[in-house]
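K.L.:
In this note's numbering, the protein residues as written are 97 to 249.
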C-alpha cells in the first residue's frame, strides 16, 4: 500500500528540494519537488507535493491558481478555464495535515493525488507546465521558496 500522498507512480522520483510557504505570520503549506533524476536542471518527470498547514476551501485553491497565472502573465484562455473547472470538480477542501500531489506522467500530463488515492488528471502538458510555473518559474511570486524547491543555492 502506498503511503499518504505517495502514489505508486511517484515511487521512482527523488527529492530535489523543499520549502515552507508562510504568508504574513500564517504557515500555509510545506512543498516538496521531486524529479526522476533528483535534480531540477535535467529531468523527464516531476512531482510537487503540498502538505497543508491550514484549512483552505477547494474553490479558494482554484481561484488562487487563476490569480497566480494572471499575475505571471500566463494568458487564461478558454482552455485554462476548462482546466480550472476540472480542478474545482477534482480537488477537495483541505485541512491541516492534508496533502495534494501532482505527478507528471511520461506524456507530460498531470495526475493529482491525496491520501485516499488518485483524484483525477488533466491530459495536457501545457497545463502541467503552467500549473508548476506557479512554484517553479523565475517569475514565481515567492522567489526564496522557489529557489529552495529547485535546489538553487
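Note that beta-carbon positions come from the ideal geometry of N, C-alpha and C, so glycine has one too.
#1: Between residue 115 and residue 204, what straight-line distance do the alpha-carbon atoms span, to the nearest angstrom?
#2: Leaving out five residues before and five after residue 184 in sequence, what residues of the same chain have Cβ atoms less than 8 angstroms from its Cβ?
#3: Give the C-beta separation of residue 131 and residue 141 to the nearest angstrom, bearing in mind that I take them to be a contact with Cβ-Cβ under 8 angstroms.
#4: Starting from the Cα of residue 222, find the closest Cα among 175, 235, 209 and 242 and give me that residue.
#5: Opposite residue 139 in the DSSP bridges: which residues?
#6: DSSP has residue 145 in a bridge; who is on the other side?
#7: Work out the CA separation of residue 187 and residue 126 for me, nearest whole Å.
#8: Less than 8 angstroms between the beta carbons of residue 207 and residue 227, yes or no?
#9: For residue 199, count neighbouring Cβ atoms within 10 angstroms of its own Cβ and tell me buried if that reaches 16, exposed if not.
#10: Using three-state DSSP, classify residue 190 as helix, strand or coil.
#11: Leaving out the 5 sequence neighbours to the left and right, which residues in its chain are closer than 7 angstroms to residue 231 when beta-carbon positions are compared?
#12: Check residue 173 in the structure and name its three-state DSSP category.
#13: With which residues is residue 218 paired in a DSSP beta bridge?
#14: Flag this pair as yes or no: are the beta carbons of residue 195 and residue 148 separated by less than 8 angstroms?
#15: From the DSSP secondary-structure annotation, give me the bridge partner or partners of residue 115.
#16: In or out: residue 112 buried (at least 16 other Cβ within 10 Å) or exposed?
P.N.:
Here's the rundown:
#1: In the chain shown, residue 115 corresponds to position 19, counting from 1. In the chain shown, residue 204 corresponds to position 108, counting from 1. A direct Cα-to-Cα measurement between residue 115 and residue 204 gives close to 24 angstroms.
#2: In the chain shown, the residue the question calls residue 184 occupies position 88. Contacts found: 154, 155 and 158.
#3: As a position in the chain shown, residue 131 is number 35, starting the count at 1. As a position in the chain shown, residue 141 is number 45, starting the count at 1. For a cut-off of 8 angstroms, the C-beta gap from residue 131 to residue 141 is around 7 angstroms, short enough to register as a contact.
#4: By one-based count along the chain shown, residue 222 stands at place 126. It is 175.
#5: The residue you call residue 139 lines up with position 43 of the chain shown. In DSSP, residue 139 forms no bridge with anything.
#6: The sequence position of residue 145 within the chain shown is 49, counting from 1. 128 and 197.
#7: Reading the chain shown from its first residue, position 30 is the one you call residue 126. Reading the chain shown from its first residue, position 91 is the one you call residue 187. If you draw a straight line from the Cα of residue 126 to the Cα of residue 187, it comes to about 18 angstroms.
#8: Along the chain shown, one-based indexing puts residue 207 at 111. Along the chain shown, one-based indexing puts residue 227 at 131. Cβ atoms of residue 207 and residue 227: not closer than 8 angstroms.
#9: Here residue 199 is taken as the residue at index 103 of the chain shown, counted from 1. Buried, because 16 or more other Cβ atoms sit within 10 Å of the Cβ of residue 199.
#10: In the chain shown, residue 190 corresponds to position 94, counting from 1. Assignment of residue 190 by DSSP, reduced to helix, strand and coil, places it in the strand class.
#11: Along the chain shown, one-based indexing puts residue 231 at 135. Excluding residues within five positions, the ones whose Cβ falls inside 7 angstroms are 127, 144, 242 and 245.
#12: Along the chain shown, read from residue 1 onward, the residue named residue 173 stands at position 77. Of the three classes helix, strand and coil, the one that applies to residue 173 here is coil, per DSSP.
#13: Here residue 218 corresponds to residue number 122 of the chain shown, with the count starting at 1. The secondary-structure analysis by DSSP pairs residue 218 across a beta bridge with 206.
#14: Position 99 of the chain shown holds residue 195. Position 52 of the chain shown holds residue 148. Yes, these two residues count as a Cβ contact at 8 angstroms.
#15: Start at 1 with the first residue of the chain shown, and residue 115 comes out as number 19. When beta bridges are read from the DSSP output, residue 115 appears opposite 127.
#16: Here residue 112 is taken as the residue at index 16 of the chain shown, counted from 1. So residue 112 counts as buried.
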